[in-house]
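Everything below concerns the one structure shown next.
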Amino acid sequence: MSSNLLAYIFSWRLQRLWQVDRQNKGPIMLTNFFLFLFVLFQKKIADCRTEPSVPIEPDS
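The structure is reproduced here in C-alpha cells:
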C-alpha cells in the first residue's frame, strides 16, 4: 500500500517536473525518472519476498 502511494507521489513529481523543466530538459528529470523506476522495482522485489519461496538446495 505504501509502495503504491510512493509510486503515485513520484509519478506526480515526474509530471510536475516535466511541466516545469520542459524548456531545459536536463539531468534533474532523468534522475527523478530513475528514482521512479527504482521505486517500482523495489515494489516488485517486496512482492517477491512476500510470496512463499522454494528454498534453494545446495549441490552435493
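Going letter by letter, the sequence shown gives residues 985 to 1044 in the working numbering.
Even for Gly, the Cβ is constructed at its ideal location relative to N, Cα and C.
Is the distance from the Cβ of residue i to the Cβ of residue j below 8 angstroms?
{"i": "S995", "j": "Q1026", "result": "no"}
{"i": "L998", "j": "F1020", "result": "yes"}
{"i": "A991", "j": "L1014", "result": "no"}
Report the rounded CA-to-CA distance for residue i versus residue j, giving the unit in angstroms.
{"i": "R1000", "j": "K1028", "result": "25 angstroms"}
{"i": "I993", "j": "I1012", "result": "16 angstroms"}
Which same chain residues, not among the five before or five after residue i, have their C-beta less than 7 angstroms away from its C-beta?
{"i": "F1017", "result": "L998"}
Keeping to the same chain, check which residues put their C-beta closer than 8 angstroms to that of residue i; ignore five residues upstream and five downstream.
{"i": "A1030", "result": "S987"}
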